[in-house]
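The block underneath contains the structure these notes are about, expressed in C-alpha cells.
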Amino acid sequence: MTAKVYINGKFFAPEEAMVSVFDHGLLYGDGVFEGLRIYNGKIFRLEQHVRRLYDSAKAICLAIPMSPVEMTAALEETVEKSGLTDGYIRAVVTRGAGTLGLGPERTENPQTIIIVDKIKLYPQEFYDNGLEIITASTIRNHPGALSPRIKSLNYLNNIMAKIEATKAGCLEALMLNHKGEVSECTADNIFIVRDGKLLTPPTDAGILEGVTRDVVLELATKAGIPNFEKTLTRHDVYVADECFMTGTAAEVIGVVKVDDRVIGDGKPGPITQKLKELFVRHTMG
Ligand code: PMP
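For the sequence shown, this note's numbering gives the first residue as 2, with consecutive numbering after it.
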C-alpha cells in the first residue's frame, strides 16, 4: 500500500516518476487536472470527474490522447496497483514537452499523469469544531479571463488568496467575484444556511462546479432540506445561521467564523452536521 504514479501508460514509484522540464504544464501552467477520492476501494463519482476533466481540456483546446473509457480504466488500474482502498487521486493532463514559447503548437505529446496517494487535508479537530476563514482581497478569476469552471493547472489565483488566508492564520479564504459577490473558497465550494434554507452561489458567480457540491445538493433534496443556488453577498455569509465548505479533499467541513464574525453559535450547526453525516454514509455506499 504505497503511493503509485501512472505516466502515459507506465507505472512508477513516486521517487521514480519524472516529467520533462520543458513540459508546458510546468512552464506555463498549461494543462488540466482533477482531484478524486477512493472510498472503500471505489472511486467516488468517477464518471462525473472524468467528464469534468474532458470538459476542462476541451475548453483549452487540449486533446487528451485517450478516450474517457481508457482514462477511467487507467484511473482504476492505478488505484489497484497502489493497493489503497481509501485515498486521493490526482489526474493531470499537461500540454506536454515542447520548445520555449507559449504556443501549444510548440508541444507534441500531452502527458497523462495519475497520482494515487493517501490524504488527510485538515486535522480532525476542525471537522469537529469548524474552521475560521477570511475574505481574501484577491478576487476570483473573471470568467471572461479564465473561467473558474475550467480546472486548469493555473491555480495562482487561488494560491494568492490562500497566501492571504495563511498570513491571517486561517486555513481557507472566501473569494468574491469581480462583482463583489461570493464565489467560492480557494479549493472548496461554499454553502450557507439561513432560516432552514440551504444556499450556495450559482455557476454564474464564477465557481468550479464542484462534484461534492452536487452531491450535497442531492443529499439535501433527499433529506427534505430546501436548497437553492442563489447570488450571495459577504453580508449574507456574516448573518448566516450556518456555513460550511465542500470539496473532494475537504469533504464537508463547517465554517464558524468569517472575518472575525461568529457564524451562528460558533459551532457547526445542525444542518451542517446532518449533511456531513449523510455525506459520510453516502461515501460508504
Ligand atoms: N472550488 C475549487 C476552486 C476547487 O479547486 C475545488 C476542488 N478542490 C472545489 C471548488 C470543489 O470541487 P470538488 O467538490 O469537485 O472537489
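We put the CB at the ideal spot given by N, CA and C, even for glycine. Bear in mind the structure is a predicted one, so any value in this text is a computation, not a measurement.
Residue i: CB within 6 angstroms of a non-hydrogen atom of ligand 2
{"i": "threonine 167", "result": "In terms of ligand content, the structure shown lacks ligand 2 and carries ligand 1 instead."}
Residue range of the unbroken alpha helix (DSSP H) whose run includes residue i
{"i": "valine 238", "result": "235 to 239"}
{"i": "asparagine 41", "result": "No alpha helix (DSSP H) holds asparagine 41; DSSP gives it neither H nor E."}
{"i": "glycine 26", "result": "25 to 29"}
{"i": "valine 281", "result": "271 to 284"}
{"i": "alanine 75", "result": "69 to 83"}
{"i": "alanine 92", "result": "No alpha helix (DSSP H) holds alanine 92; the beta strand (DSSP E) holding it covers 88 to 95."}
{"i": "serine 57", "result": "47 to 60"}
{"i": "lysine 223", "result": "212 to 223"}
{"i": "glutamate 126", "result": "125 to 130"}
Burial state of residue i (16 or more Cβ within 10 Å)
{"i": "glutamine 112", "result": "buried"}
{"i": "asparagine 41", "result": "exposed"}
{"i": "alanine 146", "result": "exposed"}
{"i": "leucine 220", "result": "buried"}
{"i": "threonine 108", "result": "buried"}
{"i": "arginine 53", "result": "buried"}
{"i": "alanine 282", "result": "According to the sequence displayed, residue 282 carries arginine and not alanine. Arginine 282 should be labelled exposed."}
{"i": "isoleucine 271", "result": "The sequence shown places proline at residue 271, not isoleucine. Per the 10 Å Cβ criterion, exposed."}
{"i": "glutamate 173", "result": "buried"}
{"i": "glycine 102", "result": "exposed"}
{"i": "threonine 201", "result": "buried"}
{"i": "valine 238", "result": "buried"}
Extent of the continuous beta strand (DSSP E) to which residue i belongs
{"i": "isoleucine 164", "result": "Careful: isoleucine 164 lies outside any beta strand (DSSP E), inside the alpha helix (DSSP H) at 157 to 168."}
{"i": "aspartate 118", "result": "112 to 118"}
{"i": "methionine 246", "result": "243 to 248"}
{"i": "glutamate 182", "result": "Where glutamate 182 is concerned, there is no enclosing beta strand (DSSP E), given that its DSSP letter is neither H nor E."}
{"i": "asparagine 142", "result": "From DSSP, asparagine 142 is part of no beta strand (DSSP E); its letter is neither H nor E."}
{"i": "glutamate 106", "result": "Counting along the chain, glutamate 106 falls outside any beta strand (DSSP E), and DSSP gives it neither H nor E."}
{"i": "leucine 307", "result": "The requested residue 307 does not occur in the structure, where the chain is confined to residues 2 to 286."}
Cβ pair residue i, residue j closer than 7 angstroms
{"i": "isoleucine 135", "j": "cysteine 171", "result": "yes"}
{"i": "proline 105", "j": "arginine 91", "result": "no"}
{"i": "arginine 214", "j": "asparagine 178", "result": "no"}
{"i": "aspartate 242", "j": "valine 194", "result": "yes"}
{"i": "isoleucine 65", "j": "valine 94", "result": "yes"}
{"i": "histidine 217", "j": "leucine 276", "result": "Correcting the residue type first, residue 217 is valine in the shown sequence and not histidine. Cβ atoms of valine 217 and leucine 276: closer than 7 angstroms."}
{"i": "threonine 247", "j": "arginine 38", "result": "no"}
{"i": "aspartate 118", "j": "tyrosine 89", "result": "yes"}
{"i": "alanine 98", "j": "phenylalanine 23", "result": "yes"}
{"i": "isoleucine 226", "j": "cysteine 244", "result": "no"}
{"i": "glutamate 165", "j": "alanine 137", "result": "yes"}
{"i": "isoleucine 151", "j": "serine 57", "result": "yes"}
Exercise. For ligand 1, which residues have a Cβ under 6 angstroms from at least one heavy atom, in chain order?
Worked result: Residue selection by CB proximity (closer than 6 angstroms to any heavy atom of ligand 1) returns Gly36, Asn159, Glu185, Ala188, Asp189, Asn190, Leu209, Gly211, Val212, Thr213, Arg214, Thr247, Gly248, Thr249 and Ala250 in chain order.
For this session: Specify whether the segment 249 to 267 and the segment 122 to 134 touch according to this definition: at least 3 beta carbon pairs, one from each stretch, less than 8 angstroms apart.
Result: Enough Cβ pairs lie closer than 8 angstroms, so yes.
Exercise. Does the segment 3 to 15 come close enough to the segment 30 to 37 that 3 or more CB-CB pairs lie under 8 angstroms?
Worked result: Using a Cβ-Cβ distance cut-off of 8 angstroms, the segment 30 to 37 and the segment 3 to 15 are not in contact, since fewer than three pairs of beta carbons, one from each stretch, lie closer than that value.
Exercise. Counting pairs of beta carbons, one from the segment 197 to 212 and one from the segment 221 to 234, are three or more of them closer than 8 angstroms?
Worked result: Short answer: they touch.
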